[in-house]
Each structure stands twice: as C-alpha cells, then as structure tokens.
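Here's the structure, in structure tokens; my notes come after.
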Amino acid sequence: GDSVTQTEGQVALSEEDFLTIHCNYSASGYPALFWYVQYPGEGPQFLFRASRDKEKGSSRGFEATYNKETTSFHLQKASVQESDSAVYYCALGENTGYQNFYFGKGTSLTVIP
Amino acid sequence: GPKVLQIPSHQIIDMGQMVTLNCDPVSNHLYFYWYKQILGQQMEFLVNFYNGKVMEKSKLFKDQFSVERPDGSYFTLKIQPTALEDSAVYFCASSWGVGAETLYFGSGTRLTVL
C-alpha cells in the first residue's frame with residue numbers, strides 16, 4: 065500500500081542553520097505531496113503542496129520539490145528561526161475514487177536561539 | 005485559511021461511558037476524517053467518510069467507534085463504551101475531495117478516560 069517515510073525523528077539546529085527533512089514516498093498512482101506543520105496544542109496546519117513531477121511547493125521560506133524519479137519530497141529552509149520549532153509531517157494524497165491520505169511519522173524540529 | 009472547528013476542546017469521562025466528539029468541517033467540503041494522536045506520538049488515521057458512508061477505516065477504528073453526519077450538521081465520532089486506551093487527542097479534518105485535495109484540520113479534542 066501507499067506510505068510515507070520520514071528519515072529523521074528529531075532534528076536540533078541553531079538559528080540561521082540550513083534545514084533538510086527527508087521524505088520519501090511509495091505510491092501506486094500519481095499522488096499529491098504535502099507538508100504540514102504542527103505546533104504544540106494545535107492541529108496540523110497545511111504548509112504547501114505539489115501535484116506533479118518537478119513542481120516546487122513553498123511557504124514561509126520552506127520549500128520542497130516533487131521528484132518522481134527518486135520518489136522524494138524533501139523539506140528545506142535556508143535559515144531557521146526559533147519560531148520554526150514544531151513537528152513537521154510529510155503526507156501523500158491519492159484520489160482512488162475516494163480520497164486517501166497518508167502521513168509520515170513526523171519530524172520534531174527544535175531550533176536553539 | 006479554511007477553519008475546522010472541534011467541540012469540545014477537552015473531555016473527561018469515566019471508562020465505560022459514551023462520548024461524542026463534534027466537528028464542524030469547512031462548509032463546502034465533501035470528505036471528512038478522524039485521526040488519533042496519543043501524547044508525543046504520531047498521528048494515526050482512524051476513518052474517512054464521504055457521501056454519508058465510511059469509505060475506509062483503520063484497525064484502530066474499533067467496533068465501539070462510529071461516525072455520522074446527519075443532515076449536514078456536525079461530523080461526529082462516537083465511542084461507546086470508552087476504554088482507558090481511548091485517551092488521546094482526536095483531530096477532525098475535511099477536504100473538498102476532488103483530485104487529492106488539501107486536508108484542513110481542527111485543533112483537536114483532548115479525551116481523557118479515567
């Protein structure tokens with residue numbers, strides 16, 4: 065079945081460091097890919113999406129590029145801030161007659177000021 | 005962005021009682037979901053619901069769980085009877101549903117079963 069794998073469970077960085085969170089997916093069809101961010105005590109918030117190969121999604125300085133060849137959608141940010149500390153989820157959405165949605169395990173990002 | 009409202013934000017009940025969690029999805033959305041998150045752990049899919057029917061459910065969606073959305077009102081998750089392991093935060097989500105559309109989440113209901 066479809067699945068999403070996030071390699072890093074926890075990431076700790078200093079402010080202004082470069083961020084990469086790896087996301088790989090497995091899907092039988094041609095899914096849409098998403099990044100969500102979850103702050104403590106809140107529900108996941110949609111960050112951005114990409115729907116086709118080589119499309120770049122971006123928001124708030126975060127970006128990721130849909131790569132069908134490597135089945136990846138890695139999240140990057142050039143310079144993180146303390147306020148970016150949160151849990152980040154990669155997700156996959158397929159329309160198989162009804163909509164299926166799969167989340168990765170999440171990556172907890174801590175940015176140290 | 006679009007808002008999904010969940011009522012209540014916290015619920016404490018005794019084991020064996022019934023509980024209903026309410027969700028007011030985005031007004032023109034067609035697909036509805038429940039996810040469960042135990043403190044400090046990942047979100048886990050419970051069920052999705054479309055056109056008045058459960059389309060898919062996970063093994064976490066026990067026989068004691070049920071969902072409905074009568075007449076376009078709240079989308080509800082009912083647990084009857086509750087068990088200690090049902091303690092978690094339950095997130096409702098909705099989407100327009102055409103071509104893998106974006107899911108929008110509520111802020112969750114923290115359920116504590118004593």
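These protein sequence lines are chains A and B, in that order. Mind the numbering: the first sequence is residues 65 to 177 in our numbering, read in order. Mind the numbering: the second sequence is residues 5 to 118 in our numbering, read in order. All C-beta atoms in this analysis are idealised placements derived from N, C-alpha and C, irrespective of residue type, glycine included. Computed from a predicted model, the values in this text were never measured in an experiment.
#1: Starting from the Cα of Leu115(B), find the closest Cα among Gln15(B), Val23(B), Asp75(B), Ile42(B) and give me that residue.
#2: Where does Gly76(B) sit, in a helix, a strand or coil, going by DSSP?
#3: Give the straight-line distance between the Cα atoms of Phe128(A) and Ser122(A), rounded to the nearest whole angstrom.
#4: Express the C-alpha separation of Glu80(A) and Tyr37(B) in angstroms, rounding to a whole number.
#5: Counting along the chain, where does the beta strand (DSSP E) carrying Glu127(A) start and finish?
#6: Assuming contact is defined by CB atoms lying nearer than 8 Å, are Gln109(A) and Thr171(A) in contact in what I supplied?
#7: Applying a beta-carbon distance threshold of less than 9 Å, which residues of chain A neighbour Thr1(B)?
#8: Within a Cβ cutoff of 6 Å, which residues of the same chain sit near Ser70(B), ignoring the five residues on either side of it in sequence?
#9: For Ser115(A), I'd like the list of residues in its chain whose CB is within less than 6 Å of its CB, leaving aside the five on either flank, ordered along the chain.
#10: Kindly indicate which three-state DSSP category Glu146(A) falls into: helix, strand or coil?
#11: Which chain B residues are close to Asn164(A), counting only those with a beta carbon under 8 Å from its beta carbon?
#12: Against chain B, with Cβ distances strictly below 8 Å, would Glu106(A) count as a contact?
#13: Distance cutoff 8 Å, beta carbons only. Does Ser111(B) sit that close to anything in chain A?
#14: For Gln46(B), would you say it is in contact with chain A, using Cβ-to-Cβ distances shorter than 8 Å as the test?
#15: Taking a contact to mean a Cβ-Cβ separation below 8 Å, would you say Asn26(B) touches Gln10(B) in this structure?
#16: Does DSSP put Asp90(B) in a helix, a strand or coil?
Working from what's here:
#1: Minimum Cα distance to Leu115(B) is reached at Gln15(B).
#2: Looking at Gly76(B) - three-state DSSP - the assignment turns out to be helix.
#3: As written in the sequence, residue 128(A) is Ala, which differs from the Phe given in the question. If you take the alpha carbons of Ala128(A) and Ser122(A), they lie about 7 Å apart.
#4: Going from the Cα of Tyr37(B) to the Cα of Glu80(A) covers about 37 Å.
#5: According to the DSSP assignment, Glu127(A) belongs to the beta strand (DSSP E) that extends over 126-129.
#6: Between Gln109(A) and Thr171(A), the CB-CB gap reaches or exceeds 8 Å.
#7: Since the displayed chain B opens at 5 and closes at 118, residue 1(B) lies outside it and no answer follows.
#8: Here the set comprises Lys82.
#9: Counting only residues of its own chain and dropping the five nearest sequence neighbours on each side, Ser115(A) has a CB closer than 6 Å to the CB of Ala96.
#10: Correct three-state label for Glu146(A): helix.
#11: Result: Asn52, Glu60.
#12: Glu106(A) counts as touching chain B.
#13: The beta carbon of Ser111(B) sits closer than 8 Å to some beta carbon of chain A.
#14: Chain A, which has a Cβ nearer than 8 Å to the Cβ of Gln46(B), makes this yes.
#15: In this structure, Gln10(B) lies closer than 8 Å to Asn26(B) by Cβ.
#16: Helix at Asp90(B).
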